[in-house]
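A.B. asks: Mapping of the sequence shown onto this note's numbering: residues 251 to 1428, in sequence order.
Even for Gly, the Cβ is constructed at its ideal location relative to N, Cα and C.
Note that the structure is a prediction, hence the values are computed from the model and not measured.
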Amino acid sequence: MKQASRLLLAAGFLGPALVLSACSGGGSGGSVMFIQSCTLGCSNGENGSQVSCGIINTFQNQDISISFSQPVSLASLAVNNSFQVVDTVSGSLPAGTRLVDLNNPNRAIFRPRLAFDAQGNPSFGFSSTSSYQIRIPGTTQGDAGPFVTSVEGQQNQSRLLCTITTDQGLIDPVPGAPSVDILVDVVGVANPVAIDNPVACSTPGGVATANCPFPQPPGTVIPTENGRVIDAKTATQIKLIFNDLMNIGTVVLPSTGQSPFITIKTDADGDLNTTTDRDIVGGTYEFFPDQASLKTILTFTPSGGLPSAGSGANKRLIVIDVPAGVRDLAGNSVANLGVRAFAPQVIQFGEVTIPSGGEQFTTTSNLDQLRSSADWGESQLGRLKPGSGGGTGRLGDLTVPPNSTLTFYTEPQFAVGRMRVLLNPPDNRKFTVSFNNGTHLRIRRNETSEIFTGDSIADTVSNILNYVSDPAHHVAFPELAQFTFDIENGDTLIVRPVNAGVAGNGVRLNGYPEDVVQVVGGANFPVNAPNPLDTNPPAGGGLSVQYASGATAGGVDHAAFGLANPSLDPNIIPVEPRNFITNGSALQDYITITSGVFEFASIDVGLNATLRFVGRNVPRVFARGRMKVADTAQLLIAGADLGAHGSEGPQGQRGALGGPGGGNGGRGGDRPDTSTSATIPNIPNPPPAANPIDNNGVLNIGGIPDGRDGQGVGGALGYGPGATAGLGRGLGGVRWPAQFPVETNAFAGLSVLASNCDSRQLGASGSGAAYALDGDVGVARSVPDVPVGPVAFTPPDTNAGDATPIGLEPAGAPGDKRALKPSQGYLRGGAGGGGAGAHIYDTGTAGTSGACFAPLTINVYRSHSGGGGGGGGGAIQLVAGRFADFGGRIDASGGNGGSVKPNSPSQAALPYGGFAQPGGGGSGGGILIQSPVVSLSTLPNRLMIGGGAGGVGPTIAGATGVSSGGSGGPGLVRIEDNSGATTATSAAAVTTPTDPIDPTSANWLSVAPWSVQTSPIEGYSAAQSCWLVTPGNFFSLAFDSDAPNDLGWDMDLFLEQTPGNVALVGYRSGAVFAGLTPQEHWGNLIDDGTLVPPQASAPLAVRFQGARATGTLADPCNADFTPAGNATALTPWVFHPDELNAYVSVNIVRWQILFDASHPAAAMIRGVTNLRIEAHPD
């Protein structure tokens, strides 16, 4: 079969075919019609003999060609059953075309269909490795017909019957590498010109021949320069004609109309030796595979035509690159691949004003509504005036893709290092935590002279803290003051600097031995490298013992905001840095936000996307134009919840963090320190020794048994103009009893059951925090038995967090506080819940019923730490200068208080730590939404400001219920809308909680109109134009610089310098301020928090931005800068259009005007008109 395959390669595609009519004449065999041969190695059917095939293994794209003794009638081939091709398995007919060979009218061809999908992948009429029967009826064999007939009407006498299998792959229709001719239309030339051979030739009748494939009329002269075609029409299409059937997927992607490999670019300087000045010519490709002539025609249509060749000495060139990736069906690259070029025609342009006639603000055709908040002639035709607010938009567009999560930091972050303790050292080896400044914390098992290793990381870290806080030891570790330590998830030691942003780079955590310590994050030291901090002697005189290691992350290493340096955190870059509006023209890679104020031009948050805000400052999120948040998106500012707490831990459960601008929860009460007792530490602990039951107290220097209060509304920021702290805080539960025993025979406040001499005393639960309403009381519940001893088993309830000191206005008459007014310090989150008090449940004496005390002593001393309070919900301000389409969910809920962990410690024979009292819940936070139009979703639970639930205490046998922390009160929602789209009733329906007796939920919700903002930040509004497209086939715009009496740009102000006298003044040309123009007088800076005196902001500022349109901008307000888009070469925002000349090939421009209503001179600006930019197209 090898020989047969070679035969097919030579004879597979036999040239062009006639598909409309057949020619007469020629042939052999007289007037008899029979089969003479075929590409399948057929026998001769002379005298009506049946024809068989010598080749049965064929190619998937193989033509089946049959040669007859007479010219074939094309009409007879149109009858399907005269030339039959049938799938032998399915009986289906493969798609294809029946043709007559144009060069041999005796030859009939079945050509299987060639098609391409949306990605350009080929498909064929024949399936791979399939079997097909080829049958042509013959009259001699008595077949019924229809028959292939000759032009003269003779029917075929000889039957052909054979079966083929398409198992040989693909054949090259035109053997060898393909070639390409590229044609363009040229000024003054009648027919398209092949740019590789720009010499005109003529033929009789203008018929293409092998020697003159692209003929021109006689006398045609093709214009060239240095052998290169010039004067190509700017409206020309560019045709690439391949002399083969190409693999279309390498030529063009039908789904996009773009080529994956071929490029067509403009070369600005006309020098093919330099490539940095080349820009893509936008346009679309269309293809036509001509199976009849075995050619592929690719046509490129430029969007808006080709640019002019320019006015320079060197003509601008159009450069076409056909690289090796362009291949035919057999995988052959183009033989004459590479770069070639031609020059378009020269068109002369004069100076233009952009936009034409200047922007008069009489129509909104150039208004970019998505990014504008200013009044674009809407209230007074012909004037641009400030809007109500919306911010500067200086951070550009924020687009959050669906299903993504972005984190925004509202303040500088601490450097953080984490080390997880996997288990305790099994012997006397040291567990050491080290830092690169030489700090060490050492824990050696059972060596009281250093630090006890506890049965949990909580105990271990508590012992570390106790050790270093003891004045007797602190001198030995003076550098520890640089760091703070916390516990995360019960088994992870966290280290951070005392001050945010300090030591964020280079603080390295190390742990030894490796089998008990695991650094969470960070890279290990290289294998066998010595640890420079190792104080242990080298093993065997060699290298030091290896340490696990890792660097801290955060602080000065981390951006304080999601607009981070890409080299530091590429996962949280949500905007294009070139869209930053700055007080300089240089491109900035990133902007750091430390105030929590995020000013975007527009915001679009996709489905299932999440925005997290972290930090104490309240996030204030501005969209200068439109804010769109999808229904399933969410913004998270809730206070943190607390989980279960094991009461055996020396430290009370740490209070949960509040959301941004919310108060932290209070810490639970600590177990009392018994290290100074002469007798309690000597009480024996029952076996097993590995996990003994804790019967003899704990070393806990400085422990505070009372639960701590939560932070008040606003947390560390405080509340109101005076930043008052502590308002509405949840209260910490008291220790119980008030006096703990200090010796085994000094009972203090111990009270016990008469039946077994064991205490049933529980600490007080933490109460819930307040905001819009009071929180709930914390309730402790123990057995109702009458105790033996001085005090009851159950402490008094803990008073609820009180909303009264917050001083909110009456629900029906909301003022600045209920409006969450940021400028007055009222945009604040909720308060933290209170922590629970410690207690001595299960402490008992060696007595018996009726004789529990003296002369008997305490033989079991168990103390219990308390659960912490939930965090207060955070606060957020959302402002959209034009339209707020808010379908998402904002979670500003208060956090839940800590609860008991019933089976703690899990490894103990007795869960003696399962008695933590519960903490209180944090109160809900604050949500402020402002826009001329606020459109909320109708789904429930969109605005969540409910208080957190109080924690749950232990189940005590005989008690009526369980202890409960107080739940937090709700926060506040304020919506300001001028359209009436949102009412108190509609907003209440999507707010959580809802008031069952008030459909407007007025106790925590208010809706009012949005007034014009005049406070700093809030007082900014702005207008942005769409991309301004100047008509004409030019390559770039050269923007005019300022000349005397001829400015490169200007606009006119309606200026009211004296009351009632409004004059039209040139912003850059009217010397109305003691010889200075308004721009000279005020400057052109925005107040972005970085100005340093004598720098000062202006009441209005103007910026310009350029780009290159590579195609027609269907929507000039939203050019597509993606790789497959219609624009590229985006510049930074600059102060003057002539700065854009430093960037190559800018051909579109846009501007923005920012108004600052908080500026003292803002009131005299009554509007803007006639903004114009002067430029010269080239």
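So what's G1028 in DSSP terms, helix, strand or just coil?
C.D. replies: For G1028, the three-state secondary structure derived from DSSP is strand.
A.B. asks: Straight-line CA distance for A1134 to A1313?
C.D. replies: 36 angstroms
A.B. asks: Cα separation between T1048 and A975?
C.D. replies: 20 angstroms
A.B. asks: Where does G792 land, buried or exposed, given buried means 16+ other C-beta within 10 angstroms?
C.D. replies: Residue placement at G792 is flagged as unreliable, the pLDDT there being 42, under the threshold of 50; a coordinate-derived value is accordingly withheld.
A.B. asks: At which residues does the alpha helix (DSSP H) containing P1328 begin and terminate?
C.D. replies: P1328 to W1332
A.B. asks: Does N461 pass the burial test, meaning 16 or more other C-beta atoms within 10 Å, or should it be called exposed?
C.D. replies: When all chains shown are included, N461 counts as exposed.
A.B. asks: By DSSP, does I841 sit in helix, in strand, or in coil?
C.D. replies: The answer is coil: DSSP assigns I841 none of H, G, I, E or B.
A.B. asks: Nearest by alpha-carbon distance to A585: which of A1101, N371, V1352 and P428 is it?
C.D. replies: It is P428.
A.B. asks: What does W626 pair with, by DSSP beta-bridge criteria?
C.D. replies: Looking at the DSSP assignment, W626 forms a beta bridge with L634.
A.B. asks: Under 8 angstroms: do the stretch 1394-1408 and the stretch 1284-1298 share three or more Cβ pairs, one atom per stretch?
C.D. replies: yes
A.B. asks: Does any heavy atom of the ligand NAD sit closer than 8 angstroms to the C-beta of F374?
C.D. replies: Judged by which ligands are present, the structure shown has none, so any question about the ligand NAD falls away.
A.B. asks: Could you check where the alpha helix (DSSP H) with L1186 kicks off and where it finishes?
C.D. replies: Unbroken run through L1186 is the beta strand (DSSP E), V1184 to L1186; no alpha helix (DSSP H).
A.B. asks: DSSP beta-bridge partners for Q1180?
C.D. replies: V1129 and E1226
A.B. asks: Go ahead and pull the three-state DSSP assignment for D881.
C.D. replies: coil
A.B. asks: Among the candidates T513, R876 and K565, whose CA atom is the shortest distance from the CA of G575?
C.D. replies: When each option's Cα is compared against that of G575, the closest is T513.
A.B. asks: By the 10 Å Cβ neighbour count, where 16 or more other Cβ atoms means buried, how is N331 classified, buried or exposed?
C.D. replies: exposed
A.B. asks: Any idea what DSSP makes of P955, helix, strand or coil?
C.D. replies: coil
A.B. asks: Cutting at 8 angstroms between CB atoms, please list the residues of its own chain near F1323, excluding the five before and the five after it.
C.D. replies: Within the same chain, F1323 has close Cβ partners E1330 and H1331.
A.B. asks: Run the CB neighbour count on E1424, radius 10 Å, all protein chains shown included, and call it buried at 16 or more, exposed below.
C.D. replies: buried
A.B. asks: CB-CB under 7 angstroms to T1205, same chain, minus the five flanking residues each way: which ones, in chain order?
C.D. replies: V1212
A.B. asks: Could you have a look at E1424 and say whether DSSP puts it in helix, strand or coil?
C.D. replies: strand
A.B. asks: Can you tell me the Cβ-Cβ gap for L981 and G1122, rounded? I've got them flagged as a contact below 8 angstroms.
C.D. replies: Going by Cβ atoms, the distance from L981 to G1122 rounds to 14 angstroms, so no, they are not a contact pair.
A.B. asks: Could you check whether G909 and I887 sit closer than 9 angstroms to each other, using their CB atoms as the reference points?
C.D. replies: yes
A.B. asks: Can you check whether the CB of G532 is closer than 9 angstroms to the CB of N1376?
C.D. replies: yes
A.B. asks: Y201 and V572 look like a contact to me (Cβ under 8 angstroms); what is the Cβ gap, rounded to whole Å?
C.D. replies: The requested residue 201 does not occur in the structure, where the chain is confined to residues 251 to 1428.
A.B. asks: Can you give, in chain order, each stretch of the beta strand (DSSP E) that sits fully within the stretch 1065-1141 and has at least 3 residues?
C.D. replies: 1108-1110, 1125-1130, 1133-1136 and 1139-1141
A.B. asks: Which runs of the beta strand (DSSP E) spanning at least 3 residues fall entirely within the stretch 289-358, listed in chain order?
C.D. replies: Qualifying beta strand (DSSP E) stretches, in chain order: 314-318, 334-337 and 346-351.
A.B. asks: Would you kindly check if the distance between the Cβ of G499 and the Cβ of A593 is under 9 angstroms?
C.D. replies: Contact annotation: A593 and G499 have beta-carbon atoms that are not nearer than 9 angstroms.
A.B. asks: When the Cα atoms are used, what is the spatial distance from N821 to A1166?
C.D. replies: Residue placement at N821 cannot be trusted, given a pLDDT of 39 that sits under 50; what the coordinates show is reported in the next sentence. Rounded to whole angstroms, N821 to A1166 spans 40 angstroms at the Cα level.
A.B. asks: What's the gap between the Cα of G456 and the Cα of Q466?
C.D. replies: 7 angstroms
A.B. asks: Cα-Cα, which of K483, G1082, V1038 and D1024 is closest to G1057?
C.D. replies: D1024
A.B. asks: Which of helix, strand or coil does DSSP assign to D1388?
C.D. replies: helix
A.B. asks: Report the residue from D1302, C1102, W626 and G1147 whose alpha carbon sits nearest the alpha carbon of S1001.
C.D. replies: C1102
A.B. asks: Which residue wins for smallest C-alpha separation from W986, given the options Y1076, H1114, G964 and F1385?
C.D. replies: H1114
A.B. asks: Could you tell me which residues DSSP pairs with H895 in its beta bridges?
C.D. replies: V1150
A.B. asks: Is it true that the CB of V1129 sits closer than 9 angstroms to the CB of F863?
C.D. replies: no
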